[in-house]
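Comments concern the structure below.
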Amino acid sequence: EAGVAQSPRYKIIEKRQSVAFWCNPISGHATLYWYQQILGQGPKLLIQFQNNGVVDDSQLPKDRFSAERLKGVDSTLKIQPAKLEDSAVYLCASSLVRSSGGWETQYFGPGTRLLVL
Amino acid sequence: AQSVTQPDIHITVSEGASLELRCNYSYGATPYLFWYVQSPGQGLQLLLKYFSGDTLVQGIKGFEAEFKRSQSSFNLRKPSVHWSDAAEYFCAVGAYTGNQFYFGTGTSLTVIP
Chain A
3 EAGVAQSPRY KIIEKRQSVA FWCNPISGHA TLYWYQQILG QGPKLLIQFQ NNGVVDDSQL
63 PKDRFSAERL KGVDSTLKIQ PAKLEDSAVY LCASSLVRSS GGWETQYFGP GTRLLVL
Chain B
241 AQSVTQPDIH ITVSEGASLE LRCNYSYGAT PYLFWYVQSP GQGLQLLLKY FSGDTLVQGI
301 KGFEAEFKRS QSSFNLRKPS VHWSDAAEYF CAVGAYTGNQ FYFGTGTSLT VIP
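Top to bottom, those sequences are chains A and B. Counting in this note's numbering, the first sequence runs from 3 upward without gaps. Counting in this note's numbering, the second sequence runs from 241 upward without gaps.
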């Protein structure tokens, strides 16, 4: 079974530029998550999708970050414009559908390492 | 507010020694509890999880964790550590109701021969 795929693996941009990350979840996984992991910290959940709808985006800095999951499969996370403090690893995870508020096992991709200069 | 605390930033153990990594959470109701491991260059991998039932949970790679409600803790243990266990370990908490999911700051494990 193929895992969660992410691209690119690395990205270097200058501040105020825009950047986009792509995620392809495990086939059949209805729930998709984007995390930001700053060096030396644990991952921080930014947004959750269930199929193509947003479940929660309370931690997403909406003035510069946006995410979409068209057709309920692949997802993209965009930053525009980027700031120095956005340097981090961006992780995508997927899980089976969350039912009755429970938490299924999340399967993580390798992440995209972003450096903003 | 919900929170997860991993008091130990870094732990060093000898190969073959026992291991215990601490995790404390702050939440009104018993949340969903997880331990993940992150090895260099690899993604996060689930070791084990707990929601209800037996408070001693067995996971992969010989790890186990014990939920103690009175102490709001979910400590990870392994009786005999192998050099391949060197990695970053994260405790995570999912809200019983709602959509909050939090990771701790992680504990880095070094294994010396």
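Just so you know, even glycine gets a beta-carbon here, dropped at the ideal spot from N, CA and C. Only a predicted model underlies this, so the values are computations on that prediction, with no experimental measurement involved.
Any beta carbon from chain B within less than 9 Å of T107 (chain A)'s own beta carbon?
At a cut-off of 9 Å between beta carbons, T107 (chain A) contacts chain B.
Run through DSSP, which three-state label would K308 (chain B) get?
strand
Give the single residue among A:A84, A:S101, A:E106 and A:K73 whose Cα lies nearest to the Cα of V118 (chain A).
A:A84
Under the assumption that L62 (chain A) contacts I49 (chain A) (Cβ atoms under 8 Å), give the Cβ distance between them as a whole number of angstroms.
5 Å
Between Y92 (chain A) and chain B, is any beta-carbon pair separated by less than 9 Å?
no
Applying a beta-carbon distance threshold of less than 7 Å, which residues of chain B neighbour F110 (chain A)?
G283 and L284
Determine the direct distance from the alpha carbon of G293 (chain B) to that of E260 (chain B), and round the result to whole angstroms.
22 Å
Is the CB of S96 (chain A) under 9 Å away from at least one CB in chain B?
no
My output table needs one value for S20 (chain A): the three-state DSSP class, helix, strand or coil.
coil
So, helix, strand or coil for L86 (chain A), using DSSP?
Shown here, L86 (chain A) sits in a helix according to DSSP, grouped into three states.
On the CB-based measure, 16 or more other CB atoms within 10 Å of its CB, does W323 (chain B) come out buried or exposed?
exposed
Which residues of chain B have a Cβ atom closer than 7 Å to the Cβ of D58 (chain A), listed in chain order?
N339
Distance check for L296 (chain B) and G55 (chain A), CA to CA, integer angstroms please.
A straight line joining the alpha-carbon of G55 (chain A) with that of L296 (chain B) spans about 36 Å.
How many whole angstroms separate the CB atoms of G302 (chain B) and K318 (chain B), which I take to be in contact at a CB cut-off of 8 Å?
6 Å
For T345 (chain B), go through chain A and note every residue whose CB falls closer than 7 Å to its CB, in chain order.
Under the 7 Å cutoff, chain A gives Q43 and G44.
Within the same chain, show all residues whose beta-carbon is closer than 8 Å to that of W28 (chain A), passing over the 5 residues directly before and after it, in chain order.
The question names Trp, yet the displayed sequence has Ile at residue 28 (chain A). Excluding residues within five positions, the ones whose Cβ falls inside 8 Å are E3, A4, G5, V6, S96 and Y109.
Is it buried or exposed, Y12 (chain A), if we count other Cβ atoms within 10 angstroms and call 16 or more buried?
exposed
Are W36 (chain A) and L72 (chain A) closer than 9 Å when you measure CB to CB?
Between W36 (chain A) and L72 (chain A), the C-beta spacing is not below 9 Å.
Do we get a CB-CB distance below 9 Å when we pair P268 (chain B) with the residues of chain A?
Per the sequence presented here, residue 268 (chain B) reads as Gly, with Pro not at that position. No, no contact with chain A.
If you draw a straight line from the C-alpha of N101 (chain A) to the C-alpha of S60 (chain A), how long is it?
With the sequence shown as reference, residue 101 (chain A) is identified as Ser, and Asn is not the correct amino acid for it. Near 20 Å, if we compare the C-alpha coordinates of S60 (chain A) and S101 (chain A).
Given this structure, state the Cα-to-Cα distance separating L286 (chain B) from I15 (chain A), to the nearest angstrom.
32 Å
Do C94 (chain A) and G111 (chain A) have their C-beta atoms closer together than 9 Å?
yes
Is the separation between the beta-carbon of Q242 (chain B) and that of Y267 (chain B) shorter than 9 Å?
yes
For G346 (chain B), collect the residues of the same chain with a Cβ closer than 7 Å to its Cβ; drop the 5 residues on either side in sequence, then sort them by chain order.
Take G346 (chain B), set aside five residues on each side of it, and the residues of its chain with a beta-carbon closer than 7 Å to its own are Q246, E328, Y329 and F330, in chain order.
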